[in-house]
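Colleague: Following this message is one structure expressed as structure tokens.
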Amino acid sequence: MDALIKSLKEQSLDPFLYLALLDESAELGFWSFQVANSQVTWSSSVYRLHDQTREDFTLSYASMLDLYPPEDASRFANTLESSLIHKNDFVIDVRIRGAHAKPLHLRLKAKCQQNDHGEVIALVGLVQMASQRLTFPFDATQSYDFQTYLDTSSDGFWDWYIQEDYEYMSPRFWEILGFDAHEKPHKPSAWQDLIFPDDLNIALNNFHQHIETRGEHPFDQEVRYRHKYGSTVHIICRGRVVEWDSAGNPIRMVGTHTDVTQLRENQEKLEEALRFQKLLLAANSDLIFVKDENFKIVMGNDAFVNFFPESMRDKIIGHTTLESFPDNQVDGFLFQDKIAFETGYSETVESARDRIMLTRKKRFTTDDNKNYLLGVSSDITEIKQTETELKQANEELEEFAYRTSHDLRSPLVSSIKLLEITKKTIDKGEIEKAEKYLSLVRESLVKLEALVTDILRLTRLRHTTSEITLTDLPQLVSSMLKQMSHLDGYNKMEILLDLAINSPVYLDKSNLNLVLENLISNAIKYSDPNAHSPYLAIDAKIESNNLAIRVRDNGIGFPESAKSKLFGMFKRFHPQISFGAGLGLYMVKKSIAKMNGKITLVSSYDETIFELMVPLHKENRKE
1 MDALIKSLKE QSLDPFLYLA LLDESAELGF WSFQVANSQV TWSSSVYRLH DQTREDFTLS
61 YASMLDLYPP EDASRFANTL ESSLIHKNDF VIDVRIRGAH AKPLHLRLKA KCQQNDHGEV
121 IALVGLVQMA SQRLTFPFDA TQSYDFQTYL DTSSDGFWDW YIQEDYEYMS PRFWEILGFD
181 AHEKPHKPSA WQDLIFPDDL NIALNNFHQH IETRGEHPFD QEVRYRHKYG STVHIICRGR
241 VVEWDSAGNP IRMVGTHTDV TQLRENQEKL EEALRFQKLL LAANSDLIFV KDENFKIVMG
301 NDAFVNFFPE SMRDKIIGHT TLESFPDNQV DGFLFQDKIA FETGYSETVE SARDRIMLTR
361 KKRFTTDDNK NYLLGVSSDI TEIKQTETEL KQANEELEEF AYRTSHDLRS PLVSSIKLLE
421 ITKKTIDKGE IEKAEKYLSL VRESLVKLEA LVTDILRLTR LRHTTSEITL TDLPQLVSSM
481 LKQMSHLDGY NKMEILLDLA INSPVYLDKS NLNLVLENLI SNAIKYSDPN AHSPYLAIDA
541 KIESNNLAIR VRDNGIGFPE SAKSKLFGMF KRFHPQISFG AGLGLYMVKK SIAKMNGKIT
601 LVSSYDETIF ELMVPLHKEN RKE
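The UniProt record's numbering puts the sequence shown at residues 1 to 623.
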């Protein structure tokens, strides 16, 4: 425009008359804005372009803005303010409603006029009809249906005039972030202040690539915003440039905001549940696995995978683990799987690697109608052992009740009858006979006392806990031999000791004492009267963190048929030689078990040999 005025002056023509004529005859008008008083001036064409008349319209800066939709008015005001601050020219398109509610699009151009000090004192420019550009999504003249869609949509919308620092954000977008629309200006900075910095960099990077590729690179990303009240909001932001200028620079970009916060929170809950489920599976000692209809393993927890040899572990998931077996063997292995697929359930108890495993398989169907098997294999070895022990305990209890009632009753009945005979004998004055009968009563009661003593010791053994004490083994053996010295046959036996224990050890002294007492007393009581040189030998040493003890004698031993019942309850193998309840070796076995040890009868032609292994406690272990 400056160039036109200069040209007209050079031709001695009145430029303002020329422009006035042009204004009357063209769809082009002139406008100005005075900075000092915000006065706006329009030429006649500008009134006509705005579908107004000088007579009916009172022109001011405020009334001018009232002609435009609020978002366009805000954008125009922001652009004008920016122009005054940065002293730059601008071009902006606005919308107005013309006659018969027809939408009109005007383009306003402005140049800055500066004084000698470089201060902007006015804006002058042109107004003309703009080409019918895209009006999506915020043209006030849009249909009722579209406006209803905007009001009810769960997504937010944005319309960005890139060169004008103006961006319309729909009320729904601000609602997602907890704001009322009037709280925020229509500027990009309004949302950029709320987006996470890292996500802003992602969005701007995608924006620049979208521009550089002329829209081929999609502007589509998920970003996080800070809600008005501090929470995090997850939003998918999509958009595209819909208008470019002649130089290839973006003018306008439109897009949507989709709130996916609830989706992400649900995903996080699901992921947390899956993580927890994986922890449970990993921590579960049961073998848990899933098979598909082709019998291939699609999932297995750590316990299941680790159950296989290490060389196979990379060929479990996605395999049947039976690929190397002949078909006739595979059918046998998969028999229970087929039953489970056909009937919905199968259950087996099998032994594997010295363990007893209970395996349950249950069919289940997914939403896409695919059948799978969920298998759970539980190690029930200890349960089976407990069942066996309970059964054995019940049998022992029944035998104990029967034998004790019988063994207790017999000497009592015998004693009562002898006492009755003794009374009659005394009444007859046969004193010597009475003394003989009383002696028999005494023997019967001594046997009863011995039985009761064994029963009490057995009861204490069952109910007392182990007590670990520092034990001098040589001293313990010596003291015990001294206590046995009164037994018949002790003086005839040679005692051989080889106790290679240099210092006291920590042991369950009480239980070890019971074991040695029974073994030593048995060796003495059942010595062979025909042996030329009867002996008792006790050897002891520390072996692999165990106390190893061997007790040997050359007595009468045990019948071959008795060896399988050796440690049973109420087992007496030589009743004609020595009376006893038959609980001694039973208590030996129980005492050894309480010490977590082992006792074995070693086969030998001319000796009875018991070998004991008792674990040492940590106080005296040699690691």
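Built from N, CA and C at the ideal position, the CB exists for glycine as well.
1) Where does Pro529 land, buried or exposed, given buried means 16+ other C-beta within 10 angstroms?
2) What is the DSSP secondary structure of Val35, reduced to helix, strand or coil?
3) With DSSP run on the structure shown, which of helix, strand or coil describes Tyr605?
4) Can you find the residues in the same chain that come closer than 6 Å, C-beta to C-beta, to Arg226, ignoring five residues on each side of it along the sequence?
5) Between the region 502-515 and the region 527-541, can you find at least three pairs of beta-carbon atoms closer than 8 Å?
6) Excluding the 5 residues flanking Glu611 on each side, which residues of the same chain have their C-beta closer than 6 Å to its C-beta?
7) Can you give me the C-alpha to C-alpha distance between Leu67 and Ile96, rounded to a whole angstrom?
8) Could you give the residue range of the beta strand (DSSP E) that holds Ser346?
9) Identify the residues that DSSP records as bridge partners of Asn371: which are they?
10) Please go through the same chain and pick out, in chain order, the residues whose beta-carbon is closer than 8 Å to the beta-carbon of Val260, but skip the five residues on each side of it.
11) Can you tell me where the beta strand (DSSP E) with Phe90 in it begins and where it stops?
12) Ignoring anything shorter than 3 residues, give me the beta strand (DSSP E) runs that lie fully in the region 464-548, in order along the chain.
13) Would Glu183 and Arg75 qualify as a contact pair, given that the criterion is a beta-carbon distance under 8 Å?
14) I'd like the list of long-range same chain contacts for Asn115, defined as Cβ closer than 8 Å, with 5 residues on each side in sequence excluded.
15) If we count Cβ pairs, one from each stretch, closer than 8 Å, do we get three or more for the region 280-297 versus the region 367-382?
16) Extract the residue ranges of the beta strand (DSSP E) inside the UniProt domain "PAC" (219-272), only unbroken runs of 3 or more that lie entirely within it.
17) Helix, strand or coil for Ser285? Go by DSSP, reduced to three states.
18) On the three-state DSSP scale, how would you describe Asp302?
19) Per DSSP, what are the beta-bridge partners of Gln114 in this structure?
20) Closest to Leu418 by C-alpha separation, out of Val441, Arg457 and Thr58, would be which residue?
21) Can you list, in chain order, the residues of its chain with a C-beta nearer than 6 Å to that of Met169? Leave out the 5 residues immediately preceding and following it.
22) Is it true that the region 582-599 meets the region 504-522, where meeting means three or more beta-carbon pairs spaced less than 8 Å apart?
23) Take Lys391 and list the residues in its own chain whose beta-carbon comes closer than 8 Å to its own, dropping the five residues that flank it on each side.
24) Does the region 360-370 come close enough to the region 333-352 to have 3 or more Cβ pairs within less than 8 Å?
25) Assess contact between the region 197-212 and the region 238-253, defined as three or more Cβ pairs (one per stretch) separated by less than 8 Å. Is contact present?
26) Who are the Cβ neighbours of Leu334 in its own chain at under 7 Å, not counting the five residues just before and after it?
27) For the beta strand (DSSP E) containing Glu167, list its first residue and its last residue.
28) Figure out for me which residue from Ile251, Val94, Lys87 and Ile85 has the closest Cα to the Cα of Pro70.
Modeller: Taking the definition as stated:
1) With fewer than 16 other Cβ atoms within 10 Å, it is exposed.
2) Of the three classes helix, strand and coil, the one that applies to Val35 here is coil, per DSSP.
3) Three-state DSSP puts Tyr605 in coil, outside helix and strand.
4) Sequence-distant partners of Arg226 (beyond 5 residues in either direction) whose C-beta falls short of 6 Å from its own C-beta, in its chain, are Leu194.
5) The region 527-541 makes no contact with the region 502-515; the number of CB pairs closer than 8 Å stays below 3.
6) Sequence-distant Cβ neighbours of Glu611 in its own chain, meaning closer than 6 Å and more than five residues away, are Arg550, Thr600 and Val602.
7) If you take the alpha carbons of Leu67 and Ile96, they lie about 6 Å apart.
8) Its beta strand (DSSP E) spans residues Tyr345 to Ala352.
9) Under DSSP, Asn371 takes part in a beta bridge, and its partners are Thr365.
10) Here Val260 has Glu222, His234, Ile235 and Ile236 as same chain residues with Cβ atoms under 8 Å from its own Cβ, once five neighbours each way along the sequence are excluded.
11) Phe90 -> beta strand (DSSP E) spans Phe90 to Arg97.
12) Within the region 464-548, the complete beta strand (DSSP E) runs of at least 3 residues are 468-471, 494-499, 505-508 and 535-543.
13) The criterion of a C-beta distance shorter than 8 Å is not satisfied by Glu183 and Arg75.
14) Excluding residues within five positions, the ones whose Cβ falls inside 8 Å are Ile121.
15) Result yes; three or more Cβ-Cβ pairs closer than 8 Å.
16) Complete beta strand (DSSP E) runs here, min 3: 219-226, 232-244 and 250-259.
17) In this structure, Ser285 counts as coil in the three-state DSSP scheme.
18) Helix, per DSSP.
19) As DSSP reads the structure, Gln114 sits in a beta bridge with Val120.
20) Selected option, being the one with the closest Cα: Val441.
21) The residues are Trp158.
22) In short, these stretches touch, since the Cβ pair count reaches three.
23) There are no such residues.
24) With a cut-off of 8 Å on Cβ pairs, the region 360-370 is in contact with the region 333-352, counting three or more such pairs.
25) As far as the Cβ criterion goes, the region 197-212 touches the region 238-253, which means the pair count is three or higher.
26) Listed in chain order, the non-local C-beta contacts of Leu334 below 7 Å within the same chain comprise Phe295, local neighbours out to five positions each way being set aside.
27) Looking at the DSSP string, the run of the beta strand (DSSP E) that includes Glu167 is Tyr166 to Met169.
28) In this structure, Val94 is the residue among Ile251, Val94, Lys87 and Ile85 with its C-alpha nearest to the C-alpha of Pro70.
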